[in-house]
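Quick look at the structure:
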């Protein structure tokens, strides 16, 4: 589990330009890879909060470092590295 990554924001808080840029840089990953990166607790918490399973997951390089996104009902939830 990588406790150095935390929930940051959802795509609703991004501009269309930011979302497009993030998606362009993203690569699809498996659920196992996502859970390993963000931790099982954070993944389960996200699904429980919305009562739905994560539909797709991705990895990308952001200004903050390697970041991850999880999509539920066409909304992306962004996880970024903790800042030291």
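Numbering (our numbering), first residue to last: 375 to 458.
The beta-carbon is built from N, C-alpha and C at its ideal position, and this holds for glycine as well.
Review point. How big is the Cα-Cα spacing for residue 435 and residue 455?
Key: Annotation: residue 435 to residue 455 spans about 11 Å, alpha carbon to alpha carbon.
**Study point:** For residue 444, the three-state DSSP class (helix, strand or coil)
**Key:** In the structure shown, residue 444 adopts extended strand secondary structure according to DSSP, grouped into three states.
Exercise for review: Using three-state DSSP, classify residue 428 as helix, strand or coil.
Suggested key: coil
Exercise for review: Measure the C-alpha to C-alpha separation of residue 453 and residue 443 and round it to an integer number of angstroms.
Suggested key: 6 Å
Review point. In three-state terms, what does DSSP make of residue 454?
Key: strand
Check your understanding: By the 10 Å Cβ neighbour count, where 16 or more other Cβ atoms means buried, how is residue 422 classified, buried or exposed?
Key -> exposed
Review point. Would you say residue 407 touches the ligand SAM, meaning its beta carbon is less than 6 Å from a heavy atom?
Key: Absence of the ligand SAM is noted for the structure shown, with no ligands found whatsoever.
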